[in-house]
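Numbering (the UniProt record's numbering), first residue to last: 1 to 128. All C-beta atoms, glycine included, are put in the ideal place defined by N, C-alpha and C. Worksheet: one structure, shown below.
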Amino acid sequence: MNIAAYTEMFNELALLCPDAVPNEKKKVELYIKGLPEIIKGETTSSRHATLNEAVHMAHILLEQKIQAKNERIAESIKRKWENNNQGNNNNNNNHNQATRAGGPAGGPTAAPMARECSFTGFMKCGPT
Numbered sequence: 001m002n003i004a005a006y007t008e009m010f011n012e013l014a015l016l017c018p019d020a021v022p023n024e025k026k027k028v029e030l031y032i033k034g035l036p037e038i039i040k041g042e043t044t045s046s047r048h049a050t051l052n053e054a055v056h057m058a059h060i061l062l063e064q065k066i067q068a069k070n071e072r073i074a075e076s077i078k079r080k081w082e083n084n085n086q087g088n089n090n091n092n093n094n095h096n097q098a099t100r101a102g103g104p105a106g107g108p109t110a111a112p113m114a115r116e117c118s119f120t121g122f123m124k125c126g127p128t
C-alpha cells in the first residue's frame, strides 16, 4: 500500500471512529504507527504537531527512499556493465594476441623449409 492510500484510509477510519483519535497528538501518533518500517523511525523522531505535517514528512521520506534505491540499482547496473565490457575487452585482446602470434613457436609456422624443393613441412623431399 502506498502512502496516499494509507493516508486516505486512516482519515476515513478517523472519521468513523472519532473516539479512537480524541486529539491531534493521538491522531499523529496512530498515523505514524501504521507507516512502513523504512520511514516510521525517521517520521517519529521529527515530532510533528499536526497530522498534515506527519503526512507531508512521510511522503518526502518515502520519495527519498525510493530515489536512493533507484540510484543504487542504476549504479549497480552501471558497474556490472562496465565490468562486463572490461572483461570482454581483455578476452578479445588475449584472443587477438594469440592469433597474431602464429602458434606456439611464435612464428607463422614451426616447420622447417626443405632446401631441395622449397616445401615447408616435416615431409622428406622425394625425387621428382
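Residue burial classification, Ala4 (beta-carbon count within 10 angstroms, cutoff 16): Reading the sequence shown from its first residue, position 4 is the one you call residue 4. So Ala4 counts as exposed.
Local conformation of Val21 per DSSP, three classes: Here the question's residue 21 lines up with position 21 in the sequence shown. Val21 falls in the coil class under three-state DSSP.
Beta-carbon contacts of Ser46 that lie in its chain and below 7 Å, excluding the five residues immediately before and after: To locate residue 46, count along the sequence shown from 1; it is residue 46. For Ser46, where only same-chain residues beyond five positions count, the Cβ hits under 7 Å are Met57.
At least three beta-carbon pairs within less than 8 Å, the stretch 67-78 to the stretch 10-22: no
Arg47 - DSSP class collapsed to helix/strand/coil: Against the sequence shown, residue 47 aligns to sequence position 47. Arg47: coil per DSSP, three-state reduction.
Boundaries (first-last residue) of the alpha helix (DSSP H) holding Asn11: Here residue 11 refers to the residue found at position 11 when the sequence shown is read from its first residue. Per DSSP, Asn11 belongs to the alpha helix (DSSP H) from 3-16.
Beta-carbon proximity of Ile32 to Thr44, cut-off 7 Å: Within the sequence shown, residue 32 is the residue found at index 32, counting from 1. Within the sequence shown, residue 44 is the residue found at index 44, counting from 1. Cβ atoms of Ile32 and Thr44: closer than 7 Å.
Coil, strand or helix - Gly34 by DSSP: Translated into the one-based positions of the sequence shown, residue 34 becomes position 34. If DSSP states are grouped into helix, strand and coil, Gly34 belongs with coil.
Alpha-carbon spacing of Glu24 relative to Ala14, whole angstroms: As a first step, residue 24 must be located in the sequence shown, where it is residue number 24. As a first step, residue 14 must be located in the sequence shown, where it is residue number 14. About 11 Å.
Where Leu16 falls, given that 16 or more other Cβ within 10 Å makes a residue buried: Stepping through the sequence shown from its first residue, residue 16 is reached at position 16. When all chains shown are included, Leu16 counts as exposed.
Buried or exposed (CB count within 10 angstroms, at least 16 for buried), Ile39: As a working note, residue 39 is residue 39 in the sequence shown. Label assigned to Ile39: buried.
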